[in-house]
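Protein chains in written order, with the numbering used here: chain A, 1 to 255; chain B, 256 to 510; chain C, 511 to 765; chain D, 766 to 1020.
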């Protein structure tokens, strides 16, 4: 097995000009949106990316079978819009792995005709979010203008720490190769898996690409999360409660 | 010395179709079983795997001689069943090392005729175990069915975090090379070296492969561990005791 | 993208014999000076250094556009003194990256004619500084003598821990290639971004190279920092104050 | 600069059959002995080993000049015994670096005729040592017997955690290349630089190799350390004292 291996699971049959990326990250926002697309539309797994830079493990499926850690590239036709969607359970565990995996990914998707990347993620606000805004960044000025018209907040150097991981590199390395890149980051507390933030990002994405998608599944998950949050707040107000919310790292990705 | 070096200590003389792997891990369950096999049957050390990814050190034997860190591959005939057994004192210290060591191991054992791997380990329950169940996973559906008949619990995505290290990669990477892989994980608290859990795993393994083995040694070690646990519980209940059990990371691998 | 990539953004048009290096470090002293030079003189970005060893991310500019992490090499004519200036937002994230980035940098600047390097930084005193001394080191005895005449403090093995990162390697690796190297380290508490310390270093640098530069901008930033320090000290003396200053790692790089 | 670079500073003029290694480690015992030999006898620096695996920094000498991090190999004639001595300020910062540096070192010294290595270090007892014993290990049974006659304690698997770093690898990797290796470890608390432990190790070494050496310098340093320890103990017994000794990691390598 090579350091990075892009395995062809199936031929890419459509002519996708867009890649949507949603790997795990803040509030799991990007991953929620990417997985939602894969589930809502008829999607086909076309590539698996294996790498020495992913955690050295296999996942165990519900039926007891195992799957070597990988990132998955799906092909789907979203209501007329052909696209590739990348998702997976893990980011690279090493610094150079992020670069190498992104490079391999860009090789793969540009060969398939992709000219623009939508990298999806969350931006942590540190407090429970009331109105779910979407913050954007793009690797080209014209692109900033184009996407700003969709109600995305741009500029003032947000997010301050930059965009980390494959999302950030898709824009940064994409620019050097002439691939347009937009990053859409849903505002989220940063403490919990956040399907509401995912809905906000998905809305911008559907506007940008011009397709419709059922969001019931995300709404259901959002309601479940609201229940969790409510319970946590109650626990918090009881005598002997945690005093501040959230008090425990373990709560971060309840979901 | 190369990054990975598989040194031939002796020729493989039998025709093993099975590899049993038991490196250190949760409760040292896998290692206990693998070492038990090596001790109970007439076994021959056939390969040493050295690697830049193992801790940079040598062990000191009881007679004062040293041994460079390695994983050891033994050949043995378990009551008519010819097998290779991998054990050792360390896992890879790096992420890519796990992949590279597993690759080298698969190269070595498939060349020797191995077609199926039993990767042994423990799964932490977080509390003292009353009944020692064995959780399984396999890299093929038919294999899941076959092993489920031996009383192994499969499915519901357990263990949740997947199977980490060489055990997980033997299944994940093995699948890509056509090597059947079963992982047998003994339930164990996760706090102590657990010979009882090892006995439970060994029982499944002997059923699966159809051989008998004396388990007195493991039973003796299990009794010793029970003594240790009892003493810890008593200390815990004394005034000024630890209040919760176990209170100290250092207790984790008493044994 | 290669492990290290030095991209030519523009041709180097002058004949610089000096490199001034100011990457992030103690008190951000070196970076403040390097950026000040780039801003005060007409400077041209001539090279970007990208690397797998920099954090895998892109920065987001004020207008919402992104920039892949890099170190930037500028060309400028400081009042008649032609020089290259290296600055950037990040140091290497890996040990070997420091060596490889320094090697690539030395290749680039020696090819452009550079014969001497001024590596700028801060040296932490652990307490608020009253008089801003500059500590020096050089990779050649004659050079120590030359720079000592400018009022720089040399010797007694200061700084005790050596000079870490690209600054240290420019001197150490430069020596092996026949490149003269001087390190100028402004004394600074180590707790805050320190424009006053940067002024002290800049003063030595202008003396050494024989040019003048307006320092108003640094003075303004120094005043702002003094306000911050004053407020922190007041907070500290209030009932319920922090008791010691600074109490919090987060204060370290307020600025 | 390559990953590992062994630079010839001077030709090796004698015919050393022995390497003495003393890099930093527990109680700095090995380093103290190695440096003592280099200082007491007429020694010549013959090789510098540079590496991407050493900390990326330069040291600053007392005169203000810098020195890129390296390990140093000296040639000396100890009262008729020709030997090479390796010392330096740092161990490898990476796992594979230990292996690669040891490999390069073995290449260098075997080419010079070395057939046996004495790797020196300390073994932490966790409490202040009254009688300074020396624990040994060797990569060959006959060698264990030979050295045991010098009063070195062998066996019972001590030290339990094995021998870590270049010392351990010199024995482990040396064995594979036919180089005899003895490790001599002075008992030391582990909390302080320990010249007394170094004296004990030096005594065994001089017995083993058959030469005499003045130890006044080490005795002086030992007396200084005793003063430090006494003061710490007094501080400890004062009202408001630390309650246990030593209370602070920072005390570990006072000296």
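We treat Cβ as the ideally placed atom computed from N, Cα and C, and that holds for glycine.
If you're wondering where the values come from, they're calculated on a predicted model, not measured in any experiment.
Rounded distance between the beta-carbons of residue j and residue i, thought under 8 angstroms
i: residue 223 (chain B); j: residue 322 (chain B); result: For residue 223 (chain B) there is no data in the structure shown, the boundaries of chain B being 256 and 510.
i: residue 599 (chain C); j: residue 579 (chain C); result: 7 angstroms
i: residue 876 (chain D); j: residue 901 (chain D); result: Wrong, their Cβ atoms sit about 27 angstroms apart, outside the cutoff.
i: residue 828 (chain D); j: residue 651 (chain C); result: 7 angstroms
i: residue 12 (chain A); j: residue 570 (chain C); result: Not really, about 31 angstroms apart at Cβ, beyond 8 angstroms.
i: residue 105 (chain A); j: residue 86 (chain A); result: 7 angstroms
i: residue 623 (chain C); j: residue 695 (chain C); result: Between residue 695 (chain C) and residue 623 (chain C) the Cβ distance is about 26 angstroms, and since that is not below 8 angstroms, they are no contact.
i: residue 635 (chain C); j: residue 575 (chain C); result: That belief does not hold up - the Cβ atoms of residue 635 (chain C) and residue 575 (chain C) are roughly 39 angstroms apart, past 8 angstroms.
i: residue 472 (chain B); j: residue 258 (chain B); result: That pair is no contact at about 36 angstroms.
i: residue 459 (chain C); j: residue 537 (chain C); result: A question about residue 459 (chain C) goes unanswered here, because the residues of chain C that appear run from 511 up to 765.
i: residue 53 (chain A); j: residue 93 (chain A); result: 6 angstroms
i: residue 897 (chain D); j: residue 965 (chain D); result: 4 angstroms
Span separating the alpha-carbon of residue i from that of residue j
i: residue 723 (chain C); j: residue 775 (chain D); result: 47 angstroms
i: residue 286 (chain A); j: residue 160 (chain A); result: For residue 286 (chain A) there is no data in the structure shown, the boundaries of chain A being 1 and 255.
i: residue 912 (chain D); j: residue 284 (chain B); result: 38 angstroms
i: residue 644 (chain C); j: residue 665 (chain C); result: 12 angstroms
i: residue 271 (chain B); j: residue 336 (chain B); result: 8 angstroms
i: residue 32 (chain A); j: residue 198 (chain A); result: 6 angstroms
i: residue 236 (chain A); j: residue 412 (chain B); result: 31 angstroms
i: residue 683 (chain C); j: residue 310 (chain B); result: 30 angstroms
i: residue 465 (chain B); j: residue 459 (chain B); result: 10 angstroms
i: residue 738 (chain C); j: residue 701 (chain C); result: 12 angstroms
i: residue 75 (chain A); j: residue 8 (chain A); result: 12 angstroms
i: residue 151 (chain A); j: residue 638 (chain C); result: 47 angstroms
i: residue 169 (chain A); j: residue 516 (chain C); result: 17 angstroms
DSSP three-state assignment for residue i, whether helix, strand or coil
i: residue 532 (chain C); result: strand
i: residue 69 (chain A); result: coil
i: residue 44 (chain A); result: strand
i: residue 177 (chain A); result: coil
i: residue 597 (chain C); result: strand
i: residue 407 (chain B); result: coil
i: residue 572 (chain C); result: coil
i: residue 1013 (chain D); result: Unreliable placement is indicated for residue 1013 (chain D), whose pLDDT of 40 sits below 50; no coordinate value is reported for it.
i: residue 347 (chain B); result: coil
i: residue 356 (chain B); result: helix
i: residue 77 (chain A); result: strand
i: residue 113 (chain A); result: coil
i: residue 363 (chain B); result: helix
i: residue 282 (chain A); result: Residue 282 (chain A) lies beyond the residue range present for chain A, which begins at 1 and ends at 255; the question has no answer from this structure.
i: residue 386 (chain B); result: coil
i: residue 953 (chain D); result: strand
i: residue 792 (chain D); result: helix
i: residue 463 (chain B); result: helix
i: residue 260 (chain A); result: The structure shown does not extend to residue 260 (chain A), since chain A is modelled only from 1 through 255, so no value can be given for it.
i: residue 782 (chain D); result: coil
i: residue 82 (chain A); result: strand
i: residue 543 (chain C); result: helix
Touching by the beta-carbon criterion (3+ pairs, under 8 angstroms), the region 682 to 696 of chain C and the region 551 to 571 of chain C: no
Check whether the region 782 to 790 of chain D touches the region 882 to 891 of chain D, taking contact to mean three or more Cβ pairs, one atom from each stretch, closer than 8 angstroms. yes
For the region 699 to 706 of chain C against the region 727 to 739 of chain C, are there 3 or more C-beta pairs whose distance is under 8 angstroms? yes
Taking only beta carbons into account, state which residues of the region 312 to 324 of chain B come closer than 8 angstroms to chain D, listed in chain order. 312, 313, 314, 315, 316, 317, 318, 319, 320, 321, 322, 323 and 324
For the region 336 to 351 of chain B, list every residue whose C-beta sits within 8 angstroms of some C-beta in chain D, in sequence order. 348 and 349
Beta carbons nearer than 8 angstroms to chain D: which residues of the region 720 to 749 of chain C have them? none
Looking at chain C, which residues of the region 789 to 819 of chain D have a Cβ within less than 9 angstroms of any of its Cβ atoms? 815, 816, 817, 818 and 819
Output, in sequence order along the chain, the residues in the region 401 to 426 of chain B whose CB is closer than 7 angstroms to any CB in chain A. 409, 410, 411, 412, 413, 414, 417, 418, 419, 420, 423, 424 and 426
Within 7 angstroms of chain A by C-beta, residues of the region 680 to 706 of chain C in sequence order: none
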